[in-house]
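Engineer:
In the numbering used here, the protein residues as written are 24 to 273.
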């Protein structure tokens, strides 16, 4: 296990990302990618490492949100049916750095915007039931993007469900956690099928421990109340800087 200064600094950033993201049912991949981008970790290492960490935190988030009834099988199943195979396909694809970096940079900037714009929370609204066909199409598109970039897709799914008012906020968090888990598993299997030896960061065991701690605390808090607006705005700034750096160094 590697314990150099860079790895320890990243461990602290990953702990914060896991804590915040899990509080809203996410697993933190965009935060993990942002932290690794800030210190210049190779794209070949970023993707599988972020997906591995995502799986750990997503399991915890699902358990916490499902236990309090914040879940909908009716919404999740159609999304997962198309997301899983396409996340696997996206995971198999390995983009060159000059394409991967700007793509992830755009994803991080989008995540920054979503984190800032939702910091104040959402008010109650009337629920609209989505059609199965729309959910199947949405799941496939988001699944492919998640596997390709190394994010779980929750940063795209949650605002989609919220914008169209397809589920209550707490249910959205539970569905997003499950969606992230299946996408991350499919994505990392795709990475492994495309390479006999996928490259994980040497500090992955240490990082796994800290994201599990952060994910547990965040999911325990978030399954009972909304996230902290000030922390979300701070995270938005970090995501914005990391996204801009990825694009600038492409």
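C-beta atoms are modelled at their ideal positions from N, C-alpha and C, and glycine is treated no differently.
1) Hey, quick one: how far does the alpha helix (DSSP H) through residue 46 stretch, first residue to last?
2) For the region 140 to 190, which segments carrying the alpha helix (DSSP H) assignment without a break, of at least 4 residues, lie completely within its bounds, in sequence order?
3) Can you say whether residue 226 is buried or exposed, counting buried as having 16 or more other CB atoms within 10 angstroms of its CB?
4) To which residues of the same chain is residue 235 closer than 6 Å at the C-beta, ignoring the five residues directly before and after it?
5) With DSSP collapsed to three states, give me the class of residue 67.
6) DSSP on residue 234, reduced to helix/strand/coil?
7) Taking the continuous alpha helix (DSSP H) assigned at residue 110, which residues delimit it?
8) When the Cβ atoms of the region 235 to 247 are set against those of the region 33 to 46, are three or more pairs found closer than 8 Å?
9) When we look at the beta-carbon of residue 137 and count the other beta-carbons within 10 Å, is it buried (16 or more) or exposed?
10) Return helix, strand or coil for residue 93, following the three-state DSSP convention.
11) Assess contact between the region 156 to 171 and the region 93 to 103, defined as three or more Cβ pairs (one per stretch) separated by less than 8 Å. Is contact present?
12) Please report the straight-line C-alpha distance between residue 273 and residue 65, rounded to a whole angstrom.
13) Using DSSP with H/G/I as helix, E/B as strand and the rest coil, what is residue 224?
14) Take residue 90 and list the residues in its own chain whose beta-carbon comes closer than 8 Å to its own, dropping the five residues that flank it on each side.
15) Tell me the DSSP secondary structure of residue 119 in three-state form.
16) Taking 7 Å as the limit between beta carbons, can you name the residues of its chain near residue 203, skipping five residues before and five after?
17) If you measure between the beta carbons of residue 98 and residue 158, is that distance less than 8 Å?
18) Tell me which residues share the same chain as residue 114 and place their Cβ nearer than 6 Å to its Cβ, disregarding the 5 neighbours each side in the sequence.
Structural biologist: Considering the structure as presented:
1) Residue 46 -> no alpha helix (DSSP H), and no H or E assigned at all.
2) If we require 4 residues or more, the alpha helix (DSSP H) runs fully inside the region 140 to 190 come out as 155 to 172, 177 to 186.
3) buried
4) Cβ neighbours of residue 235 beyond the five flanking positions: 79.
5) Residue 67 falls in the helix class under three-state DSSP.
6) helix
7) Secondary structure note for residue 110: its alpha helix (DSSP H) is the uninterrupted segment 96 to 115.
8) The region 235 to 247, when compared against the region 33 to 46, does touch it at the 8 Å Cβ threshold.
9) buried
10) coil
11) yes
12) 12 Å
13) coil
14) Cβ neighbours of residue 90 beyond the five flanking positions: 246.
15) coil
16) The beta carbon of residue 203 lies closer than 7 Å to those of 49, 50, 77, 81, 175, 176, 177 in the same chain, with the five residues before and after it left out.
17) In contact: residue 98 and residue 158 (Cβ atoms closer than 8 Å).
18) 170, 210, 213, 214
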